[in-house]
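Number of protein chains: 2
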Amino acid sequence: MTPPVTTVVITGVGLIGGSFALALRKAGFTGRMIGVSSPATVEKALAAGVIDEALPLAEAAAQADVIYLAQPIQQILETLGALDRYARPGALITDAGSTKAMICSHAAANIRKASFVGGHPMAGKESRGVEAADAELFRGRPYVLTAREPELEKWIEAIGARLVILDPTEHDRLVALVSHLPQLLSTALASVIAEQPGSEKVAGPAASDLTRLALSPYEIWRDIFATNAPSIDAVLGTYIARLETLRVQLRSPEMERVFEKAASSARELRKG
Amino acid sequence: MTPPVTTVVITGVGLIGGSFALALRKAGFTGRMIGVSSPATVEKALAAGVIDEALPLAEAAAQADVIYLAQPIQQILETLGALDRYARPGALITDAGSTKAMICSHAAANIRKASFVGGHPMAGKESRGVEAADAELFRGRPYVLTAREPELEKWIEAIGARLVILDPTEHDRLVALVSHLPQLLSTALASVIAEQPGSEKVAGPAASDLTRLALSPYEIWRDIFATNAPSIDAVLGTYIARLETLRVQLRSPEMERVFEKAASSARELRKG
């Protein structure tokens, strides 16, 4: 029987960190919610009632039962390098980074007094920052943990997310396919279209659908590419080989079976 | 001064043919609208008031001032092969096929008594058939003509579409990029995802966006691939080369510029 969690610290009170704080509150959490963030973010987060108070990392960590790292990946890695010094023995640390293998191995090498379980809430929206925080952001969406952890599993259920347990390497391999590859396909398409004058005159819904992700800011992707390059390289290789096959099959009857299989996969993805 | 158009014949009274009939009516056309289609479609089109009457091709063509071919591409090619025999001297023939070079050269080789100008309304929706016909389908959307033609240009303006004049080869090259390539990218992604068990557990909005086109039925695409293979092959080659470049640049600072250029292209496409 673990003691009840009375103090949660959130580092990086942006869309994800802020939404997690609001969702936890809505699910009935009655303890203290401490934010660690930039002065500008802290001011907005306090004004919006997303956090109860704000402290520097060292002081916050010293009081935390649970520390939730919701910064960009590189900052999560830096925080993990410093955190063991400040954390209370037995505290639970988790994160919300979009790649998991590098974060989990960095945690294993640096966190000794506390325990760490990696996390990845598969949720987001176009607007960012604590202003966009939303207690319902995680509802119905996958929430990956890299290992079983009763307290986190209880919370994930309470905020309405769907628990998925995946080891860090498997997680990174799968998101390379369903998230990082789509981003690159969209960016590549928009960049090829940019080089064809006149194409915007005939572009319709197909081009819009496929280039929406290309609007994403690079700052999020820099860290993802830096921490998941081998898996992304592998899926790019698989995908390019598939396009080369389709290119050869373009006018062959085989194409009908390819379309049927792809449509069935696309329908499957929508059952969610 | 050309005589006024009093009789329009539409072959293939489906979503596009039916919508064109309704849009023309709404724009003030007061002449006769004759449909040439299967008995089942004719029955629905008459009941819905989309056409005034239905006739076999030979009888309909003999009365037409304008003949609008809205069948699948292969059937348009077949109709063009037979039509010169039935058409009135001086009639105007146009079509709504998704590729233009093969149709225009087939028309040039077969139509002598009448004149032909190729067309491609860049519009559609997920539901098909005359039941889905909609007078507003073309509003705000590009409508390509392969040559200037005053009567057709007047109608295109009247139904609210945006006129784009493109020669058939240029049209096919551009739609290979903005329409046919996106379809293949989506089909390829869905088929690669289908082979990775577990990926559906972590698939989010990115995978949904990029696999939506993979739901399209093959029967439309068979004719497009059959009549535009060289252009599609060329854009696939360009695109694969771009992916290979991105693969090499994955962790390089160059990637930031690629993302910025792609985002700017994606925003440009959305200005319509």
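Protein chains in written order, with the working numbering: chain C, 1 to 272; chain B, 273 to 544. Cβ coordinates follow ideal geometry from the N, Cα and C atoms, glycine included.
Query                                                                                                                          : Result
Any chain C beta carbon closer than 9 Å to R420/B                                                                              : no
Within-9 Å CB hit, R270/C to chain B                                                                                           : yes
Whole-number beta carbon distance between R141/C and P168/C, since they are thought to touch under 8 Å                         : Actually they are not in contact, since the Cβ atoms of P168/C and R141/C sit about 19 Å apart, beyond 8 Å.
Members of the stretch 334-356 of chain B near chain C, C-beta cut-off 7 Å                                                     : none
Residue closest to L364/B, alpha-carbon to alpha-carbon, out of G391/B, L318/B and D324/B                                      : G391/B
Reference S377/B, options P361/B, A336/B and V389/B, closest by Cα                                                             : V389/B
Beta-carbon separation (whole angstroms), A466/B vs S179/C, contact threshold 8 Å                                              : Wrong, their Cβ atoms sit about 17 Å apart, outside the cutoff.
Span separating the alpha-carbon of I512/B from that of R445/B                                                                 : 17 Å
P454/B burial status per 10 Å Cβ neighbour count (16 or more: buried)                                                          : buried
Cβ shell of M273/B (< 8 Å), same chain only, five flanking positions each side left out                                        : Residue placement at M273/B is flagged as unreliable, the pLDDT there being 44, under the threshold of 50; a coordinate-derived value is accordingly withheld.
Start and end residues, alpha helix (DSSP H) containing V520/B                                                                 : Y490 to Q521
Neighbour list for A538/B in chain C, Cβ cutoff strictly below 8 Å                                                             : S186, A190, T211, R212, A214 and L215
Inter-stretch contact at 8 Å, needing at least 3 Cβ pairs: the stretch 485-505 of chain B / the stretch 244-251 of chain C     : yes
Contact under 9 Å by Cβ, N228/C with V175/C                                                                                    : yes
Element boundaries [beta strand (DSSP E), containing G307/B]                                                                   : R304 to V308
D495/B beta carbon near the ligand SAH (any heavy atom closer than 8 Å)                                                        : Ligands displayed in this structure: none; no statement on the ligand SAH is therefore possible.
C-alpha gap between E532/B and R222/C, whole angstroms                                                                         : 13 Å
Interface positions of the stretch 12-40 of chain C facing chain B (Cβ-Cβ less than 9 Å), listed along the chain               : none
Reduced DSSP secondary structure (H/G/I, E/B, other) of D209/C                                                                 : helix
Residues from the stretch 464-481 of chain B in contact with chain C, defined by Cβ distance under 7 Å                         : V464, I465, A466, Q468, G470, S471, E472, K473, V474, A475, G476, A478, A479, S480 and D481
Residue nearest to L482/B in terms of C-alpha spacing, selected from A21/C, A263/C and S19/C                                   : A263/C
Candidates A462/B, Y358/B, G286/B and M305/B: closest to R270/C by CA position                                                 : A462/B
For L457/B and I282/B, the rounded distance between their alpha carbons                                                        : 34 Å
Min CB distance P142/C to chain B below 9 Å                                                                                    : yes
Sub-9 Å separation of I428/B and L435/B beta-carbons                                                                           : yes
Touching by the beta-carbon criterion (3+ pairs, under 8 Å), the stretch 332-352 of chain B and the stretch 282-301 of chain B : yes
Neighbour flag for D505/B against chain C, beta carbons, 9 Å                                                                   : yes
Option nearest R357/B by Cα separation, candidates L329/B, I323/B, E516/B and D406/B                                           : L329/B
Where D172/C sits in the DSSP three-state scheme                                                                               : helix
For G160/C, the nearest candidate out of E136/C, E149/C and L177/C (CA to CA)                                                  : E136/C
Short CB-CB distance (under 9 Å) between T169/C and chain B                                                                    : no
Contact under 9 Å by Cβ, L485/B with A206/C                                                                                    : yes
Start and end residues, alpha helix (DSSP H) containing F531/B                                                                 : E526 to R542
G396/B at chain C interface by Cβ criterion, 9 Å                                                                               : yes
Residue nearest to S471/B in terms of C-alpha spacing, selected from L177/C, G49/C and A61/C                                   : L177/C
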